[in-house]
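Engineer: Sending over a structure as structure tokens; questions will come in a sec.
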Amino acid sequence: MNSISIRHRFGEYSVDSLSPEQMWQSQIENSAAIIDKNVFDLWGQFLPEGLPRYIVVPGESSKSLSVYGEIAEFLVSIPLGRSGTIFAVGGGVVGDLAGFVAATYMRGVNWVNIPTTLLAMVDSSIGGKVGIDLQGGKNLLGSFWPPTQVRLAPEFLTTLPKRELRAGMAEVWKYAFIGNMGLFKQLKILSGRKSEDLSDVIEKCILDKAHIVEHDELETTGLRATLNFGHTVGHALETLLSYDDILHGEAISIGMVAESKIAEKLGLCPMNLVLEIADCLQMEGLPIHHSALNSADQLMTLMKSDKKSSSGRLAFSLVSEIGKCKLVPEVSEQVVRSVLVSNE
Ligand code: NAD
Ligand code: ZN
């Protein structure tokens, strides 16, 4: 993978491909690692001996005020100075959490993101969004605080549970559906051949996201919101199920199929698009339906209260044909509801 440079309002950072062994070869004085426990157990041998580390309990529940506070106190105890660097090592949970600590500790310190899940490599490590959850909802406390570097090693994926890998593939397919016909064709060929090296696919996704976030870093023009394909329904479904027994990518897979049906209802896409999208996701081993979609009332309430929707309007990023999408700022409740309860 070539080095990719991403510009943002304060400067730029690079996404560099390195092996797990090379991750910490640079200067580690005045630094600390914040690392996922599963990743530490599997890959911790590569951490330099003297590097202070905080080990994060795996799971969304660690993106909390209490863990955030513990990490901040840990940094003070080292002590990590204002010119120090935080290394975030793990999936999206650790990236969001450690990034938010970096954004706020001593009014902001440098951080290096080392993503170890497919989702984190293609999505959460790119674009500078960091944050934690509150009782009232996900990512309610956050900031835009880009890392100083993303260090990427696809080798980490060799230990990632298959279900997590598939969930990450849902986001990969999303990039293909919304804007990358070349990637779509490549994925069709790759489908079912799970031992393939994903470096090239990961690079394509990063380039797509980089392009989008460079042009709409703070999500103000609507361009960045096109990345939300599948996420309006997907987020509501995850919340309804209390994040229990459903992974983000799985909810997004179900959401992409439901939202394609909305595009079809609105006459925005050809008739076969829903089937085509559903086929690709199913071939990947991803779910395309969930019985909880029948709880339309609750899902509608959740979608309207989502921080992405403005004044209760239901906005969707909808695919009009493979490789193209558009933002529809308001879709009627009736259309959304009819799609949710249909079991076609
Ligand atoms: P995650 O961080 O919970 O990791 C998933 C699981 O994989 C965990 O159990 C973890 O311990 C394990 N794991 C991680 N790397 C491993 C490896 N190499 N080998 C073995 N096990 C490994 O989940 P995720 O899907 O990476 O991230 C989800 C989070 O990302 C959510 O909190 C979501 O809100 C956030 N997110 C943020 C953005 C953003 O722009 N900031 C975008 C999308 C998602
Ligand atoms: Zn997502």
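In this note's numbering, the protein residues as written are 4 to 347.
All C-beta atoms, glycine included, are put in the ideal place defined by N, C-alpha and C.
Fair warning: this is a prediction, and the values are worked out from it, not measured in the lab.
1) Distance check for Tyr178 and Leu230, CA to CA, integer angstroms please.
2) If distances are taken between C-alpha atoms only, which option among Gly53, Tyr71, Phe49 and Pro149 comes closest to Leu221?
3) Relative to the alpha-carbon of Ser127, which residue among Asn297, Glu333, His251 and Ser323 has its alpha-carbon at the smallest distance?
4) Which value, in whole angstroms, describes the spacing of the CA atoms of Tyr108 and Trp27?
5) State yes or no: is the C-beta of Ile255 nearer than 6 Å to some heavy atom of ligand 2?
6) Taking 6 Å as the line, does the beta carbon of Gly61 fall inside it for any heavy atom of ligand 1?
7) Closer than 6 Å: is that where the CB of Glu167 sits relative to any heavy atom of ligand 1?
8) Could you give the distance in angstroms between the alpha-carbon of Ile7 and the alpha-carbon of His293?
9) What residue does the alpha helix (DSSP H) around Asn3 start on, and which one ends it?
10) Can you tell me the Cα-Cα spacing of Ser17 and Gly233, whole angstroms?
11) Which parts of the stretch 75-130 are runs of the beta strand (DSSP E), unbroken and 3 residues or longer, counting only runs that do not cross its ends?
12) Where do the N-terminal and C-terminal ends of the alpha helix (DSSP H) with Ser308 fall, by residue?
13) So, at 7 Å on beta carbons, what are the nonlocal neighbours of Ile58 in its own chain, with the 5 sequence-adjacent residues on each side left out?
14) Assuming contact is defined by CB atoms lying nearer than 7 Å, are Ala261 and Val236 in contact in what I supplied?
15) Relative to the C-alpha of Asp248, which candidate in Lys329, Gln301, Arg166 and Met172 has its C-alpha closest?
16) Let me confirm a value: Met286 is counted as buried when at least 16 other C-beta atoms fall within 10 Å, else exposed. Which label applies?
17) Starting from the C-beta of Leu186, find all residues in its chain whose C-beta is less than 8 Å away, skip the five residues before and the five after it, and write them out in chain order.
18) Between the beta-carbon of Val3 and the beta-carbon of Phe319, is there less than 7 Å?
19) Who does Val322 pair with in a DSSP beta bridge?
20) Quick one: is Cys272 near chain B, going by C-beta distance under 7 Å?
21) Is it buried or exposed for His238, if we count other Cβ within 10 angstroms and need 16 for buried?
22) Secondary structure at Leu193, three-state DSSP: helix, strand or coil?
23) Within 6 Å: the Cβ of Val96 and any heavy atom of ligand 3?
24) Which one or two residues does DSSP pair with Glu15 in a beta bridge?
25) Is Ala35 closer than 7 Å to Leu83 when the C-beta atoms are compared?
Structural biologist: Result, derived from the coordinates:
1) 8 Å
2) Pro149
3) His251
4) 22 Å
5) yes
6) With the sequence shown as reference, residue 61 is identified as Pro, and Gly is not the correct amino acid for it. True, at least one ligand heavy atom lies under 6 Å from that Cβ.
7) yes
8) 38 Å
9) The requested residue 3 does not occur in the structure, where the chain is confined to residues 4 to 347.
10) 28 Å
11) 88-93 and 113-118
12) Ala299 to Ser308
13) Ile38, Lys40 and Phe43
14) yes
15) Arg166
16) exposed
17) Val175, Tyr178, Ala179, Val204, Lys207, Cys208 and Asp211
18) Lying outside 4 to 347, the shown extent of the chain, residue 3 is not represented and no answer is given.
19) Cys328
20) Any reference to chain B falls outside this structure, which holds one protein chain only.
21) buried
22) helix
23) Absence of ligand 3 from the depicted structure is noted, with ligand 1 and ligand 2 being the only ligands included.
24) Arg10
25) yes
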